[in-house]
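Inspection log for the structure reproduced underneath, given as structure tokens.
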Amino acid sequence: GAFQRFFRKEGGYPKFKRRGDPIGLRETDVKCFSVDAANGRIRFPKVGWLRYRASRPIEGRAITATLRAEADGWYVSIACAFEPKALERGPKACGIDRGVANFAAFDTGQRIAPLDAHKRAVQCLRRYQRAVARKLEAAKVAAGIPKGKPFPKGFRLQPSNRLRKAQARVAKIHQGIARQRADFLHKLSTQIAREHALVCLEDLRVRSMSASAAGSQEAPGKRVRQKAGLNRSILDQGWTMFKDQLAYKLEWRDGVLVLVHPAYTSQRCHACAHTHADNRKGEVFRCRSCGHTDHADVNAAKNILAAGHAVLAGDGQALVEGEVQSGRPVKREPTEGVGHAA
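In the numbering used here, the protein residues as written are 11 to 352.
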């Protein structure tokens, strides 16, 4: 099994399950599980038949099944192989500037407000996180650990029922945040993919953008709390998830997602190409050279679309000064005849 794959150099060294790992199992051999869709049942080895409530009908032939535990119950995902339907490609092209004040600004002038799912739930989340912290401190005292001291290495806590319930509440809130964000991004990315054959985005390095500004003890950072708040807002948006969803949904429709270098897109005038840091003041863009005025994010989206066209024309560095990496179209290798149902 796993060790044979390791010795054949087809995979890494097998890792044994540990306490605290996500609970679940995955079957990739069709001989090891059975699906009775008519009666809403699925059978796993050593588990037997389980009833499930389908979110949608199963199409084609089931090839894998995954059973997993989440905060509010057990879920099963069934991947199926079927002949995909031909999807019509949209007629338009667009540039999109992703941000925090506006989740997405289009070159047409349309702006999409952010969902801010975590920000909406943060007060409730903090309340239950404090409850968990209080119960953990009580558990330390009960175990003979001085208050305020960390758990000793190797110590295994036996959580009380109240601690388990408080942790379950926190997990459910996080689950709700993730589901709201995924729903928002799926609906928006589906609409964009239906209407456009070409979508251009900035090639953002989210990990670098959301890095801590704390610095070190020798060289402490500046405006650490302000940067921490900005980092939370950036991570709350789900920019990378949005990009990934657009990539495969455009591929389904034979469309193209182009990532362009983000340098100076917010400082360059779309009308005359004059670039200066003072061109943008907050959300207002006013060119110091030609006087062109626009919403700053919309002006950036227009520059992103122009840079995307330049990439496709083979001149991806024409709109960016200095030594930079050229943009790249995102096109994945298609997997023929494979779909997913859950």
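In this text, a Cβ means the ideal position worked out from N, Cα and C, and glycines have one as well.
Since this is a predicted model, take the numbers as computed values, not measurements.
Non-local C-beta neighbours of Pro24 in its own chain, meaning closer than 7 Å and more than five positions away in sequence, comprise Ala12, Phe13, Phe16, ordered along the chain.
In the three-state scheme derived from DSSP, where H, G and I count as helix and E and B as strand, Leu315 is classed as helix. For the pair Pro55 and Thr76, the Cα-to-Cα distance works out to about 12 Å. Partner residues in the beta bridge of Gly34, as assigned by DSSP, are Arg78. Between Val151 and Ser243, the CB-CB gap reaches or exceeds 7 Å. A straight line joining the alpha-carbon of Trp59 with that of Gly70 spans about 21 Å. DSSP, read as helix, strand or coil, puts Gly154 in coil.
The beta-carbon separation of Ile33 and Ala81, rounded to 12 Å, does not stay under the 8 Å limit for a contact. For the set His280, Lys291, Ala317, the Cα lying nearest the Cα of Cys300 is the one of His280.
The closest CA to that of Ile183, considering only Ala131, Arg215, Phe161, is found on Ala131.
The three-state secondary structure of Tyr85, taken from DSSP, is strand.
A residue is called buried once 16 or more other Cβ atoms fall within 10 Å of its Cβ, and His286, having fewer, is exposed.
In the three-state reduction of the DSSP assignment, Ile122 falls in the strand class. The DSSP-derived three-state label of Ile244 is helix.
Nearest in C-alpha terms to Ala115, of all of Ala317, Val321, Lys312, is Lys312. As computed with DSSP, His305 is found in a beta bridge with Val294. DSSP, reduced to helix, strand and coil, places Ile52 within a strand of the structure shown.
Taking 7 Å as the cut-off, the Cβ atoms of Val216 and Gln177 do not count as close.
In the pairwise beta carbon analysis, the segment 233 to 247 is classified as not touching the segment 257 to 275: fewer than three pairs are separated by under 8 Å.
Around the beta carbon of Cys104, a 10 Å sphere encloses 16 or more other beta carbons of the protein chains shown; the residue is thus reported as buried. Around the beta carbon of Asn49, fewer than 16 other beta carbons sit within 10 angstroms, so the residue counts as exposed.
In this chain, the beta strand (DSSP E) harbouring Ser44 covers 44 to 46. Assigned with DSSP and collapsed to three states, Phe13 falls in helix. A direct Cα-Cα distance of roughly 24 Å separates Met219 from Asp193. Taking C-beta atoms as the reference points, Arg61 and Arg51 count as a pair closer than 7 Å.
If you draw a straight line from the Cα of Gln247 to the Cα of Asn112, it is about 10 Å long.
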